[in-house]
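So in this note's numbering the end of the sequence shown lands on 1231, straight run, no missing numbers.
Note that beta-carbon positions come from the ideal geometry of N, C-alpha and C, so glycine has one too.
The structure under discussion appears below in the form of structure tokens.
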Amino acid sequence: MSKMPQSNINQADCNDLLKLAVTEIRTARNVIAKQINSSTNSVYWNLGKLLFEIEHHAGDTRRDDYTFCEIPFAL
1157 MSKMPQSNIN
1167 QADCNDLLKL
1177 AVTEIRTARN
1187 VIAKQINSST
1197 NSVYWNLGKL
1207 LFEIEHHAGD
1217 TRRDDYTFCE
1227 IPFAL
């Protein structure tokens, strides 16, 4: 088995590099979390809007007079 090549990076430089890498990973995680949260909010908003429009178009009928279709769990 061959030996790993020696690096000219000292321990302090290696620690600095690792800190920068951790910062990049944490930043990416935060960006991704915000994107997921935004998408989730958008979906819930649009679903609520659709349900409101259905209820609004139902006219003067009482809510009990109509039922929603069953939505399959595996969309």
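Span of the alpha helix (DSSP H) around residue i
i: lysine 1159; result: Per DSSP, lysine 1159 belongs to no alpha helix (DSSP H) and is neither H nor E.
i: asparagine 1166; result: Looking at the DSSP string, asparagine 1166 is not in any alpha helix (DSSP H), and its letter there is neither H nor E.
Contacting residues, own chain, Cβ-Cβ under 8 Å from residue i (five flanking each side not counted)
i: leucine 1173; result: Ile1165
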